[in-house]
């Protein structure tokens, strides 16, 4: 009682603190915290209160489960637990939110070279330690929970055509658009700890387990491997077929690839670009394996970051060759925190690839583009993209921005010629 007198009096200053409204008088609060504060001082009250309540907060967290036991111990402890949650939401979650988005966008890659120069031995030891534990289940679950605490709660998944999806069939889940790096999809995965567990039910709202077919190295990339665990890998045909042979798990990939990320830009609200005009490989695999496609479209994910709109076609072609997106990620305050996170992933009705034969690849691919655009136009107004037009682009995209025109004028940049348009050597000689 001598150590924590405010907690033992129901009508104490702390009980009044949790009520809405500004502080009427800071002097009593300063005295109860053991500090002599002037009425004009700001910030010191919250800091002193947090320090004084820290032991009780830790005790409440350790001794209670789901907040049920705290109400039976004492009303003041319940107040302390509520205050702990408020302090965590105000001070801890923003830090974890920043950490989640910065690290999923490879923010560690910017710091690692500096650490190797400044502290080479410690950095190498840290990398060795991470390499030793990063595939351990306890580590993956712990980091996944931390990321889920900071992930946004505004992302959601809806499946208005759920009745059209056959639970007994296997699909290829196609995620659109690529955006900067599957933005929106990561937050959904972070919040669901069991999304990629063997006994889980897959990402929330999807209704089935999936394996992300992005790249083989993703199993060892920090933040990503903690969330996806063993349900990730390459995007080639062998990997897709392997997951189809795995009971209850469908492969998921992003057909637009690294090139499509170049076109994601919060500064362009008129156009939504899909870099699958020439991408037919995923349709060919489905034709050969007789599997239908389940398209999932995340609305407003391309608006989460600002990305310069210059030389998009050139950067897209180089990105595809280098297998890395040439983008400049600029978020809130110039950081990796997104400009917005109110995205919605809509599961479109399945596209019936099995209606076509292997020889009808072009027809099936063209029909899939029509299918994707039809349902994008159908849902875009409901999910905040009513004035946006979906445009399919490919390797023949012509840059027409001021920088491209200037480079073309001085002869550095030439018009893009596709393989079909490029004349043959015999024609040139003639």
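Numbering (this note's numbering), first residue to last: 5 to 434. For glycine and all other residues, C-beta sits at the position ideal for the given N, C-alpha and C. Keep in mind the model is a prediction, meaning the values are calculated, not measured.
(request) Decide yes or no for the touch test of the segment 105-117 against the segment 337-357: beta carbon pairs closer than 8 Å, at least 3 of them. (result) Judged by Cβ distances under 8 Å, the segment 105-117 makes contact with the segment 337-357, as three or more pairs qualify.
- prompt: How long is the line joining the alpha carbons of residue 152 and residue 248, rounded to whole angstroms?
  reply: Taking the straight line joining both Cα atoms gives about 29 Å.
| said: Would the segment 180-196 count as touching the segment 275-295 if we require 3 or more Cβ pairs under 8 Å? | reply: These segments touch.
**Request:** Could you say which of 306, 346, 125, 217 lies nearest to residue 177 if we only look at CA atoms?
**Result:** Minimum Cα distance to residue 177 is reached at 217.
**OP:** Could you spell out the range, first to last residue, of the beta strand (DSSP E) harbouring residue 408?
**Re:** No beta strand (DSSP E) holds residue 408; the alpha helix (DSSP H) holding it covers 406-413.
- Query: Is it right to say residue 415 is buried, meaning 16 or more other beta carbons lie within 10 angstroms of its own, or is it exposed?
  - Reply: By the neighbour-count rule (16 or more Cβ atoms within 10 Å), residue 415 is not buried but exposed.
Report all residues from its chain with a CB closer than 7 Å to the CB of residue 332; omit the five preceding and five following residues, and keep chain order.
If we look at residue 332 and ignore the five residues flanking it on each side, its Cβ neighbours are 311, 312.
Does the distance from the CB of residue 442 to the CB of residue 189 come in under 9 Å? Nothing can be reported for residue 442, as the shown portion of the chain is limited to 5 through 434.
request  = Using the Cα positions of residue 335 and residue 359, report the straight-line distance between them to the nearest angstrom.
outcome  = Rounded to whole angstroms, residue 335 to residue 359 spans 43 Å at the Cα level.
From the DSSP secondary-structure annotation, give me the bridge partner or partners of residue 256. Partner(s): 177, 216.
Check: Taking Cβ positions, are residue 315 and residue 408 nearer each other than 9 Å?
Finding: Contact flag set, yes.
Considering just the uninterrupted stretch of the alpha helix (DSSP H) at residue 98, what are its terminal residues? Run containing residue 98: 97-108, per the alpha helix (DSSP H) assignment.
| said: Can you look up residue 117 in the DSSP assignment and give me helix, strand or coil? | reply: Three-state DSSP puts residue 117 in a helix.
Note to self: Output needed for residue 209: all residues of its chain with C-beta closer than 8 Å, excluding positions within five of it in sequence on either side, in chain order.
What the structure shows: Listed in chain order, the non-local C-beta contacts of residue 209 below 8 Å within the same chain comprise 160, 161, 162, 163, 192, 349, 351, local neighbours out to five positions each way being set aside.
Span of the alpha helix (DSSP H) around residue 160
No alpha helix (DSSP H) holds residue 160; the beta strand (DSSP E) holding it covers 160-162.
Item checked: Sheet register partners of residue 237 (DSSP bridge) -> Answer is 217.
From 100, 353, 227, 238, pick the residue whose C-alpha is nearest to that of residue 156; which is it? Check the Cα spacing between residue 156 and each of 100, 353, 227, 238: the tightest is with 100.
For residue 29, which residues in the same chain have their Cβ closer than 6 Å to its Cβ, ignoring the five residues on either side in sequence?
Note on residue 29: pLDDT 40, under 50, position unreliable in the model; the coordinate value appears next. Around residue 29: no qualifying Cβ.
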